[in-house]
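S.K.: Note that the UniProt record's numbering gives residue 10 to position 10 of the sequence shown, counting from 1, and the numbers run on in steps of one. By construction, the Cβ of each residue, glycine as well, lies at the ideal position given by its N, Cα and C atoms.
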Amino acid sequence: MRLYNYQTRLNTAIKKHQAGSISSLKKVGILIDTQAMPDCKAYTILQKELAENNTQFEVLFYVSKESDVTADTEKWFSKKALNLYGKFKKEGTAKSFEQQNFDLLINYFVKPPEALLLLSALVNAKLKVGFELECTGLNDLSIATDPKNTKLFAQEVKKYLSIINQ
Numbered sequence: 001m002r003l004y005n006y007q008t009r010l011n012t013a014i015k016k017h018q019a020g021s022i023s024s025l026k027k028v029g030i031l032i033d034t035q036a037m038p039d040c041k042a043y044t045i046l047q048k049e050l051a052e053n054n055t056q057f058e059v060l061f062y063v064s065k066e067s068d069v070t071a072d073t074e075k076w077f078s079k080k081a082l083n084l085y086g087k088f089k090k091e092g093t094a095k096s097f098e099q100q101n102f103d104l105l106i107n108y109f110v111k112p113p114e115a116l117l118l119l120s121a122l123v124n125a126k127l128k129v130g131f132e133l134e135c136t137g138l139n140d141l142s143i144a145t146d147p148k149n150t151k152l153f154a155q156e157v158k159k160y161l162s163i164i165n166q
């Protein structure tokens with residue numbers, strides 16, 4: 001991948017994003033790096049904590065090696081989803097995820113690979129929540145918890161969403 005194209009697309013997407021208000025959670029996207037959440041079933045904790053009436057969840061896993069794909073990682077992508085110009089290939093789960101609109105995007109990663117960072121920046125979401133990252137500006141709300149404690153992270157997200165929506 002050409003570094004210039006990647007960096008340009010990333011910076012443009014981050015600058016373009018503006019946080020919006022969320023009256024109710026209708027659609028939630030969850031981007032997960034399997035390095036940050038080795039137990040791929042743990043995302044169900046996020047779903048249980050954040051579920052409201054008819055909330056739709058779309059979960060996408062990033063795998064560093066295709067050999068890491070398990071039955072639990074239903075929808076996944078890897079760095080191979082990006083072409084040389086820093087764009088996601090048309091026929092893939094990453095491109096499909098990018099084209100959706102979410103009320104909330106949960107970035108469940110700490111040290112994201114380029115492809116995961118770019119996808120998160122490109123996704124259209126009213127609010128983006130995740131862990132503290134070196135890449136500032138990606139998340140509208142950063143939660144300072146241990147990624148291994150999914151339940152605490154989910155509770156903190158829920159708490160801050162209720163404060164924001166008052």
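1) With a threshold of 6 Å on Cβ separation, who are the neighbours of F57 within its own chain once the five nearest residues in sequence on each side are excluded?
2) With 16 as the cutoff for other CB atoms within 10 Å, does L105 come out buried or exposed?
3) Which residue marks the beginning of the beta strand (DSSP E) containing A115, and which one marks its end?
4) At a Cβ threshold of 8 Å, is K41 touching chain C?
5) Please determine if the segment 96 to 112 and the segment 132 to 144 are in contact, where contact requires at least 3 C-beta pairs separated by less than 8 Å.
6) Check whether the segment 7 to 14 and the segment 115 to 135 are in contact - that is, three or more C-beta pairs closer than 8 Å.
7) Confirm, please, whether the CB-CB distance from T44 to L25 is below 8 Å.
8) Y62 and P113: beta carbons closer than 8 Å?
9) In terms of residues, what are the limits of the alpha helix (DSSP H) holding L133?
10) In the DSSP assignment, the alpha helix (DSSP H) including S96 goes from what residue to what residue?
M.R.: Short version:
1) Mapped onto the sequence shown, residue 57 falls at position 57. Correct list, in chain order: V28, Q47.
2) Residue mapping note: residue 105 aligns to position 105 of the sequence shown, counting from 1. Around the C-beta of L105, 16 or more other C-beta atoms lie within 10 Å, and the residue is accordingly described as buried.
3) The count along the sequence shown starts at 1 and reaches residue 115 at position 115. Here A115 belongs to no beta strand (DSSP E); instead the alpha helix (DSSP H) covers 114 to 122.
4) The chain inventory of the structure shown lacks chain C, comprising one protein chain alone.
5) Yes, they touch.
6) Yes, the segment 7 to 14 touches the segment 115 to 135.
7) Here residue 25 refers to the residue found at position 25 of the sequence shown. Here residue 44 refers to the residue found at position 44 of the sequence shown. If you check the CB distance, L25 and T44 do not come in under 8 Å.
8) By 1-based counting over the sequence shown, the position of residue 62 is 62. By 1-based counting over the sequence shown, the position of residue 113 is 113. For the 8 Å CB-CB criterion, Y62 and P113 form a contact.
9) By one-based count along the sequence shown, residue 133 stands at place 133. If you look at L133, you'll find it isn't in any alpha helix (DSSP H); DSSP assigns it neither H nor E.
10) Start at 1 with the first residue of the sequence shown, and residue 96 comes out as number 96. Start and end: 93 to 98.
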